[in-house]
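Visitor:
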Ligand code: PGA
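Numbering (this note's numbering), first residue to last: 63 to 316.
1. Thinking C-alpha only, which one of 228, 167 and 215 is nearest residue 200?
2. Take residue 109 as the anchor and find which of 76, 81, 102 and 124 has the nearest alpha-carbon.
3. Return yes when at least one heavy atom of the ligand PGA lies under 6 Å from the C-beta of residue 278, else no.
4. Flag this pair as touching only if the stretch 226–243 and the stretch 255–272 have three or more C-beta atom pairs under 8 Å; answer yes or no.
5. Where residue 209 and residue 130 are concerned, what is the direct C-alpha to C-alpha distance, given to the nearest angstrom?
6. CA-CA distance, residue 82 and residue 308?
7. Under a criterion of Cβ closer than 6 Å to any non-hydrogen atom of the ligand ATP, which residues qualify, in chain order?
8. What residue ranges within the stretch 91–148 form continuous beta strand (DSSP E) runs of no fewer than 3 residues, ordered along the chain?
9. Applying the 10 Å Cβ sphere with the 16-neighbour rule, what's the burial state of residue 119?
10. Within the same chain, show all residues whose beta-carbon is closer than 8 Å to that of residue 142, passing over the 5 residues directly before and after it, in chain order.
11. In whole angstroms, give me the CA-to-CA distance for residue 276 and residue 296.
12. What's the C-alpha gap between residue 301 and residue 99?
13. For residue 304 and residue 247, I'd like the C-alpha separation in whole angstroms.
14. Report the start-end ranges of each alpha helix (DSSP H) in the stretch 221–273 that is 4 residues or longer and not cut off at the edges.
15. Just tell me which of 116, 182, 228 and 261 has its CA closest to the CA of residue 217.
16. Taking only three categories from DSSP, how would you classify residue 285?
17. Select from 124, 298, 132 and 197 the residue whose C-alpha is nearest the C-alpha of residue 374.
18. Using the C-alpha atoms, what's the distance from residue 255 back to residue 87?
19. Give me the residue from 137, 91 and 127 with the minimum Cα distance to residue 113.
20. Do you know offhand how far residue 162's Cα is from residue 122's?
21. I'd like to know whether the C-beta atoms of residue 287 and residue 253 end up nearer to each other than 7 Å.
22. Check whether the Cβ atoms of residue 285 and residue 310 sit closer than 7 Å, and answer yes or no.
23. State the Cα-Cα distance for the pair residue 158 and residue 250, rounded to the nearest angstrom.
24. Verify whether the separation of the beta carbon atoms of residue 196 and residue 165 is less than 7 Å.
25. Taking residue 80 and residue 115 to be in contact with their CB atoms under 8 Å, please state how far apart those CB atoms are, rounded to whole angstroms.
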């Protein structure tokens, strides 16, 4: 049985904003961003949880720039399923925890495109929860499946393994692949239907975040959509000024 006592997803209903920096940034830009976003969070007591996910090499710099009781949480963009071993170039969940992270994004479509399977994502999720971290498990349909109205069928296949994980120990991010980095988003009715379906499959206590071309102009509408507990933000999260504006906006939505 995995220990979920240190997992955070089930603790609150405040919206979660995750800044996924992908393979962007530098040591100094990451440290400056973490400090600036944390300062904004401390000064504006808005009810929002923010998770910053820079590349592995910059997690320590991000952590070092934050005070002891920082409101900004850190997350990694991946980890390995095994505890340790001969896996050159890989990073274990316990190492991610050592860096001071509380979250790990797993199964992002950009990683699935490199060969990561549903079984890999489930194995990594188990390792992550066992290490005391909260996985953010990414799912979403491609453009062809969206056009054929196969979204729910695709989601059912991707989330079925998550039923083996304790409810409240993880978050799901619904990210239609065609919406990522494209400037396109589904209709809010489609986002609501996907989120409600995921919650009905996994339990209503499962936080479900939306990701894919989230920006300041559409964040409020998305966060107010039924079943949306937060947002996974890529490109629009890269500038601290934009992120600060999105944090201020998210504070009033739930
Ligand atoms: P985007 O990326 O906001 O740039 O579309 C989101 C993601 O891939 O997590």
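All residues carry an ideal CB built from backbone N, CA and C; glycine is no exception.
Guide: On the basis of the coordinates in this document:
1. Residue mapping note: residue 200 aligns to position 138 of the chain shown, counting from 1. The candidate whose alpha carbon is nearest that of residue 200 is 167.
2. As a first step, residue 109 must be located in the chain shown, where it is residue number 47. Residue 76 is the option with its Cα nearest to residue 109.
3. If you number the chain shown from 1, residue 278 lands on position 216. Flag unset: Cβ of residue 278 not near the ligand PGA.
4. At 8 Å Cβ cutoff, the stretches touch.
5. In the chain shown, counting from the first residue as 1, residue 209 sits at position 147. In the chain shown, counting from the first residue as 1, residue 130 sits at position 68. Going from the Cα of residue 209 to the Cα of residue 130 covers about 48 Å.
6. Residue 82 sits at position 20 when you count from the first residue of the chain shown. Residue 308 sits at position 246 when you count from the first residue of the chain shown. Those two C-alpha atoms are separated by around 14 Å.
7. Absent from the structure shown: the ligand ATP. Ligands present: the ligand PGA.
8. For secondary structure counted as the beta strand (DSSP E) over 3 or more consecutive residues, the stretch 91–148 holds these complete runs in sequence order: 111–115 and 134–138.
9. The residue given as residue 119 occupies position 57 in the chain shown. With fewer than 16 other Cβ atoms within 10 Å, it is exposed.
10. By 1-based counting over the chain shown, the position of residue 142 is 80. Within the same chain, residue 142 has close Cβ partners 149, 152, 153, 154, 155, 186 and 189.
11. The residue labelled residue 276 in the question sits at position 214 within the chain shown. The residue labelled residue 296 in the question sits at position 234 within the chain shown. Roughly 8 Å separates the two Cα atoms.
12. Position 239 of the chain shown holds residue 301. Position 37 of the chain shown holds residue 99. Whole-angstrom Cα-Cα distance: 10 Å.
13. Translated into positions along the chain shown, residue 304 becomes position 242. Translated into positions along the chain shown, residue 247 becomes position 185. Taking the straight line joining both Cα atoms gives about 19 Å.
14. Listed in chain order, the complete alpha helix (DSSP H) runs (minimum 4 residues) inside the stretch 221–273 are 250–264.
15. Taking the chain shown and counting its residues from 1, the one referred to as residue 217 is at position 155. Of all alpha-carbon atoms in 116, 182, 228 and 261, the one lying nearest the alpha-carbon of residue 217 is that of 261.
16. As a first step, residue 285 is located in the chain shown; it is residue number 223 there, counting from the start. The answer is helix: DSSP assigns residue 285 an H, G or I state.
17. Absent from the model: residue 374. The displayed extent of the chain is 63 to 316, so no value can be given.
18. Here residue 87 corresponds to residue number 25 of the chain shown, with the count starting at 1. Here residue 255 corresponds to residue number 193 of the chain shown, with the count starting at 1. When the Cα atoms are used, residue 87 and residue 255 turn out to be separated by approximately 35 Å.
19. Position 51 of the chain shown, counted from the first residue, corresponds to residue 113. Of the listed residues, the one whose Cα sits closest to residue 113 is 137.
20. On the chain shown, position 100 is the one that residue 162 refers to. On the chain shown, position 60 is the one that residue 122 refers to. Roughly 8 Å between the two C-alpha positions.
21. In the chain shown, counting from the first residue as 1, residue 287 sits at position 225. In the chain shown, counting from the first residue as 1, residue 253 sits at position 191. Here residue 287 is near residue 253, since their CB atoms are less than 7 Å apart.
22. Within the chain shown, the letter at position 223 stands for residue 285. Within the chain shown, the letter at position 248 stands for residue 310. In this structure, residue 285 lies away from residue 310, with their beta-carbon atoms at least 7 Å apart.
23. Start at 1 with the first residue of the chain shown, and residue 158 comes out as number 96. Start at 1 with the first residue of the chain shown, and residue 250 comes out as number 188. Note on geometry: alpha-carbon atoms of residue 158 and residue 250 lie some 34 Å from one another.
24. Position 134 of the chain shown holds residue 196. Position 103 of the chain shown holds residue 165. Note that the C-beta distance between residue 196 and residue 165 is below 7 Å.
25. Residue 80 sits at position 18 when you count from the first residue of the chain shown. Residue 115 sits at position 53 when you count from the first residue of the chain shown. That belief holds up - the Cβ atoms of residue 80 and residue 115 are roughly 6 Å apart, short of 8 Å.
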